[in-house]
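K.L.:
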Amino acid sequence: MSGRRPLIAGNWKMHKTCDEAVKTAQTLARSIPPAGDTEVMIAPPFTALAQVFDVIKNSPIELGAQNLHWKNQGAYTGEISAAMLKSTGCGYAIIGHSERRQFFGETDATVNLRIKAAIAHSLNPVLCVGETEEERDAEATFKILDRQVNKGLEGLVADQLPDLVIAYEPVWAIGTGKTATIDQAQEAHWFIRSLVEKRFGNPLANCLRILYGGSVKPNNISDLMTMADVDGALVGGASLEAETFIQIVSY
Ligand code: 13P
Numbered sequence: 000m001s002g003r004r005p006l007i008a009g010n011w012k013m014h015k016t017c018d019e020a021v022k023t024a025q026t027l028a029r030s031i032p033p034a035g036d037t038e039v040m041i042a043p044p045f046t047a048l049a050q051v052f053d054v055i056k057n058s059p060i061e062l063g064a065q066n067l068h069w070k071n072q073g074a075y076t077g078e079i080s081a082a083m084l085k086s087t088g089c090g091y092a093i094i095g096h097s098e099r100r101q102f103f104g105e106t107d108a109t110v111n112l113r114i115k116a117a118i119a120h121s122l123n124p125v126l127c128v129g130e131t132e133e134e135r136d137a138e139a140t141f142k143i144l145d146r147q148v149n150k151g152l153e154g155l156v157a158d159q160l161p162d163l164v165i166a167y168e169p170v171w172a173i174g175t176g177k178t179a180t181i182d183q184a185q186e187a188h189w190f191i192r193s194l195v196e197k198r199f200g201n202p203l204a205n206c207l208r209i210l211y212g213g214s215v216k217p218n219n220i221s222d223l224m225t226m227a228d229v230d231g232a233l234v235g236g237a238s239l240e241a242e243t244f245i246q247i248v249s250y
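Residue 0 is where the sequence shown starts when you use numbering that gives the first Met the number 0, and the numbers rise one by one after that.
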């Protein structure tokens, strides 16, 4: 790995009431050492963000949101703006997760609007990309990644993206127990970095952190982290139990 600081992020998805979220966050805050080599972020559901922030604000753990709307405010029932997230203590926003794309009509164009809104409010975007099983079988993985990265970042310049994180999450590996092999992950990460280099230049590509997501567990994280272009992980199911997530963080 390069000089990039590893980032291990937990995406709690639609799990945990406020009480449950606070309890998990308390355990994490007690256990994650300050000034560790690895940066840690958790993304609880919107309803628990403010309470979780209260628990982790004096710990090294960062707070992330799972999505945001691109408008600052307005008549958009059920949506949450970047400014609202910022006011809860969020530093990161996960954008374009495949579950958003699959189940909630998210497109590359709306991903792009959300990325721009996050940047405008100093939220570090975690842009999620990844191919489905059919797309991989059809050998379209690189084509899909190219489209998702380039359309997702359309209209932006390198200076706006110093804190950009990209998560490579092959859809077929999410929640299935089918982790990508370390070579499959490395190949996709290398390709994503080369896309960013082509478009934004070498300095940004070099410091860009690319996370792997898809059935990351305590028993596969260390192998993944040996790969040159794997800079961390976006963990779903295995981030819900504090003890399991701590094992992953201390891979
Ligand atoms: P799992 O770790 O449950 O496969 O989920 C990965 C993911 O979607 C993280 O955003």
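Positions of the beta carbon are idealized from the N, C-alpha and C atoms, including for glycine.
Predicted model, so just to flag it, every value in this text is computed and none were measured.
So, is residue 43 buried or exposed, given that buried needs 16 or more other C-beta atoms within 10 angstroms?
P.N.:
As a first step, residue 43 must be located in the sequence shown, where it is residue number 44. So residue 43 ends up on the buried side.
K.L.:
Determine, using beta carbons only, whether residue 283 and residue 169 come nearer to each other than 8 Å.
P.N.:
In the structure displayed, the chain extends from 0 to 250; residue 283 sits before or after that span and is not available.
K.L.:
Helix or strand or just coil, what does DSSP make of residue 83?
P.N.:
The residue you call residue 83 lines up with position 84 of the sequence shown. Residue 83: helix per DSSP, three-state reduction.
K.L.:
How many whole angstroms separate the CB atoms of residue 110 and residue 8, which I take to be in contact at a CB cut-off of 8 Å?
P.N.:
In the sequence shown, residue 110 corresponds to position 111, counting from 1. In the sequence shown, residue 8 corresponds to position 9, counting from 1. Rounded, the Cβ-Cβ distance is 18 Å, inconsistent with contact.
K.L.:
State the start and end residues of the unbroken alpha helix (DSSP H) segment that holds residue 29.
P.N.:
Start at 1 with the first residue of the sequence shown, and residue 29 comes out as number 30. Run containing residue 29: 17 to 30, per the alpha helix (DSSP H) assignment.
K.L.:
Mind listing, in chain order, the continuous alpha helix (DSSP H) runs of no fewer than 4 residues lying wholly within the stretch 150 to 206?
P.N.:
Counting only runs of 4 or more, we get 181 to 199, 201 to 206.
K.L.:
Can you list, in chain order, the residues of its chain with a C-beta nearer than 8 Å to that of residue 217? Leave out the 5 residues immediately preceding and following it.
P.N.:
Position 218 of the sequence shown, counted from the start, is the residue given in the question as residue 217. Answer for residue 217: 237, 243, 246, 247, 250, listed in chain order.
K.L.:
What's the call for residue 97, buried or exposed, on a 16-neighbour Cβ count within 10 Å?
P.N.:
Here residue 97 is taken as the residue at index 98 of the sequence shown, counted from 1. The residue is buried, with at least 16 neighbouring Cβ atoms inside 10 Å.
K.L.:
Residues near the ligand 13P, CB to any non-hydrogen atom under 6 Å, in chain order?
P.N.:
Any residue whose Cβ sits closer than 6 Å to a heavy atom of the ligand 13P makes the list: 10, 96, 168, 173, 174, 212, 213, 214, 215, 233, 234, 235, 236, 237.
K.L.:
Could you tell me if residue 105 is buried or exposed, where buried requires 16 or more neighbouring beta carbons within 10 angstroms of its beta carbon?
P.N.:
In the sequence shown, counting from the first residue as 1, residue 105 sits at position 106. Buried: at least 16 other Cβ atoms inside 10 Å.
K.L.:
List the endpoints of the continuous alpha helix (DSSP H) containing residue 108.
P.N.:
By 1-based counting over the sequence shown, the position of residue 108 is 109. First-last of the alpha helix (DSSP H) with residue 108: 107 to 119.
K.L.:
Rounded to whole angstroms, what's the CA-CA distance from residue 163 to residue 206? Just pull it up for me.
P.N.:
Within the sequence shown, the letter at position 164 stands for residue 163. Within the sequence shown, the letter at position 207 stands for residue 206. Their Cα atoms are separated by approximately 9 Å.
K.L.:
Between residue 55 and residue 113, what straight-line distance do the alpha-carbon atoms span, to the nearest angstrom?
P.N.:
Here residue 55 refers to the residue found at position 56 when the sequence shown is read from its first residue. Here residue 113 refers to the residue found at position 114 when the sequence shown is read from its first residue. Residue 55 and residue 113: Cα-Cα distance of roughly 25 Å.
K.L.:
Against chain D, does residue 73 count as a neighbour if the rule is that its beta carbon must be under 8 Å from one of theirs?
P.N.:
This model lacks chain D altogether, as it is built from one protein chain only.
K.L.:
Expressed to the nearest angstrom, what Euclidean distance is found between the alpha-carbon atoms of residue 173 and residue 95?
P.N.:
As a position in the sequence shown, residue 173 is number 174, starting the count at 1. As a position in the sequence shown, residue 95 is number 96, starting the count at 1. One C-alpha to the other measures close to 14 Å.
K.L.:
With DSSP collapsed to three states, give me the class of residue 8.
P.N.:
Translated into positions along the sequence shown, residue 8 becomes position 9. Strand.
K.L.:
For my contact list, residue 41 and residue 11 are in at a C-beta cut-off of 8 Å; report their separation, rounded to the angstrom.
P.N.:
On the sequence shown, position 42 is the one that residue 41 refers to. On the sequence shown, position 12 is the one that residue 11 refers to. Sure, about 7 Å apart at Cβ, within 8 Å.
K.L.:
Buried or exposed for residue 71, going by 16 or more other Cβ atoms inside 10 Å?
P.N.:
Translated into positions along the sequence shown, residue 71 becomes position 72. Looking at its Cβ environment, which holds fewer than 16 other Cβ atoms inside 10 Å, residue 71 is exposed.
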